[in-house]
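Undergrad: Mind looking over this structure? Questions follow.
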Amino acid sequence: MTTCDLVVPCRDEAAALPGVLALVPEGIRVVVVDNGSSDGTAEVARSLGARVVHEPTPGYGAAVHAGVEAADAEFVGVMDGDASMDPREILPLLEEVRSGVATMAVGRRRPTQRGVWPWHARAGNALVLAWLRRRTGLGVHDIAPMRVCRRQDLLDLGVVDRRFGYPVELLARAQQAGWTITEHDIRYSPRAEGTRSKVSGSVSGTVRAARDFARVLP
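1 is the number of the first residue of the sequence shown in this note's numbering; add one for each residue after it.
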């Protein structure tokens, strides 16, 4: 029985998906959102038993929103498909939401080795969170790279950003709506070989993401 749909936004993650999907716990159904891949991501995901949704509009938020709309379980989780995170770590987050302890449970990345999280990405993350703490009182320490909440709660929140600002707007809106947000440490590992981050993989990618973050900050 499916208890949670796990939305995995992907662009050119074919090399990572076999390892990621092999670790998905029983009872969790994967919805892979192909966001304009050119490496056969959709075909690989489908061959591994995932449901595949195509979202032609480029952008992290566009992909996540398409996956959430396509999901139909009561609970929905989101994580990247690059093998940097372990889908088994979604379970304690799911349990906190299901038990009523949290409206949304989120992950806090803990690098497993040096160099996994480049300095420019960490600096941008810290600046955004400092701003959110000052403006909203939000006390989390990462921008929710892995998260779980009820699907309808998320849709009702009305997040509108469709680029990299999506998780920042999500956190800000959740805080303003009075959600109870809990945070858990999750392992943050090197990406799978053959994949490249659209954000932390370069300074320019981090700058583009920072611009998206700034646009949605309250």
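All residues carry an ideal CB built from backbone N, CA and C; glycine is no exception.
Just to check, is the beta-carbon of V76 closer than 7 Å to a non-hydrogen atom of the ligand MG?
TA: Looking at this structure, you won't find the ligand MG or any other ligand, since it has none at all.
Undergrad: Note down the Cα distance separating S200 from P118, rounded to an integer number of angstroms.
TA: As a first step, residue 200 must be located in the sequence shown, where it is residue number 200. As a first step, residue 118 must be located in the sequence shown, where it is residue number 118. Per-residue confidence for S200 stands at a pLDDT of 48, beneath the threshold of 50, marking its modelled position as unreliable; no derived number is given.
Undergrad: What does the alpha-carbon distance come out to for the pair P111 and D153?
TA: Stepping through the sequence shown from its first residue, residue 111 is reached at position 111. Stepping through the sequence shown from its first residue, residue 153 is reached at position 153. Near 30 Å, if we compare the C-alpha coordinates of D153 and P111.
Undergrad: So, with DSSP's three-state summary, where would you put D142?
TA: Mapped onto the sequence shown, residue 142 falls at position 142. DSSP, read as helix, strand or coil, puts D142 in coil.
Undergrad: Taking the DSSP output, what are the residues bridged to R51?
TA: Position 51 of the sequence shown, counted from the first residue, corresponds to residue 51. Its beta-bridge partners are V31.
Undergrad: Using CA atoms only, rank isn't needed, just tell me which of P56, R187, D156 and A42 is closest to D142.
TA: To locate residue 142, count along the sequence shown from 1; it is residue 142. Answer by Cα proximity: R187.
Undergrad: Helix or strand or just coil, what does DSSP make of G201?
TA: Here residue 201 is taken as the residue at index 201 of the sequence shown, counted from 1. In this prediction, G201 has a pLDDT of 47, which is less than 50 and means its spatial position is unreliable; what the coordinates show is noted afterwards. Note: G201 maps to coil in three-state DSSP.
Undergrad: Can you tell me whether H65 is buried or exposed, with buried defined as 16 or more other CB within 10 angstroms of its CB?
TA: Residue 65 sits at position 65 when you count from the first residue of the sequence shown. Answer is buried; the Cβ neighbour count reaches 16.
Undergrad: So is S84 buried or exposed if we call it buried at 16+ other beta carbons inside 10 Å?
TA: Here residue 84 is taken as the residue at index 84 of the sequence shown, counted from 1. When all chains shown are included, S84 counts as buried.
Undergrad: So T182 is in the beta strand (DSSP E); what residue range does that whole segment cover?
TA: As a first step, residue 182 must be located in the sequence shown, where it is residue number 182. Here the beta strand (DSSP E) through T182 covers I181 to Y188.
Undergrad: For R88 and D156, I'd like the C-alpha separation in whole angstroms.
TA: In the sequence shown, counting from the first residue as 1, residue 88 sits at position 88. In the sequence shown, counting from the first residue as 1, residue 156 sits at position 156. Near 27 Å, if we compare the C-alpha coordinates of D156 and R88.
Undergrad: Apart from the five residues just before and just after A73, which ones in its own chain have a Cβ nearer than 8 Å to its Cβ?
TA: As a position in the sequence shown, residue 73 is number 73, starting the count at 1. Excluding residues within five positions, the ones whose Cβ falls inside 8 Å are T2, T3, C4, D5, R29 and R151.
Undergrad: Name the two residues that bound the continuous alpha helix (DSSP H) containing A105.
TA: In the sequence shown, the residue the question calls residue 105 occupies position 105. Unbroken run through A105 is the beta strand (DSSP E), M104 to P111; no alpha helix (DSSP H).
Undergrad: Does the structure place the segment 125-139 close enough to the segment 54-64 that three or more beta carbon pairs sit under 8 Å?
TA: no
Undergrad: Quick check on D153: does DSSP put it in helix, strand or coil?
TA: By one-based count along the sequence shown, residue 153 stands at place 153. In the three-state DSSP reduction, D153 falls in the helix class (H, G or I).
Undergrad: So P229 is in the beta strand (DSSP E); what residue range does that whole segment cover?
TA: Within the shown structure, residues of the chain are numbered from 1 to 218, placing residue 229 beyond reach of any answer.
Undergrad: Over the uninterrupted beta strand (DSSP E) stretch that includes V160, give me the two end residues.
TA: As a working mapping, residue 160 is identified with position 160 in the sequence shown. In the DSSP assignment, V160 falls outside any beta strand (DSSP E) and carries neither an H nor an E.
Undergrad: Looking only at DSSP bridge pairs, what is G77 linked to?
TA: For the purposes of this step, residue 77 is identified with residue 77 of the sequence shown, where counting begins at 1. The partner list for G77 (beta bridge, DSSP) reads L6 and V148.
Undergrad: Roughly how many angstroms lie between the CA atoms of R163 and E26, to the nearest whole one?
TA: Taking the sequence shown and counting its residues from 1, one reaches residue 163 at position 163. Taking the sequence shown and counting its residues from 1, one reaches residue 26 at position 26. Near 31 Å, if we compare the C-alpha coordinates of E26 and R163.
Undergrad: Is the segment 10-22 close to the segment 35-54, with three or more CB pairs under 8 Å?
TA: yes
Undergrad: Who are the Cβ neighbours of S202 in its own chain at under 6 Å, not counting the five residues just before and after it?
TA: The count along the sequence shown starts at 1 and reaches residue 202 at position 202. The predicted model places S202 with a pLDDT of 48, which falls under 50 and marks its position as unreliable, so this point remains unresolved.
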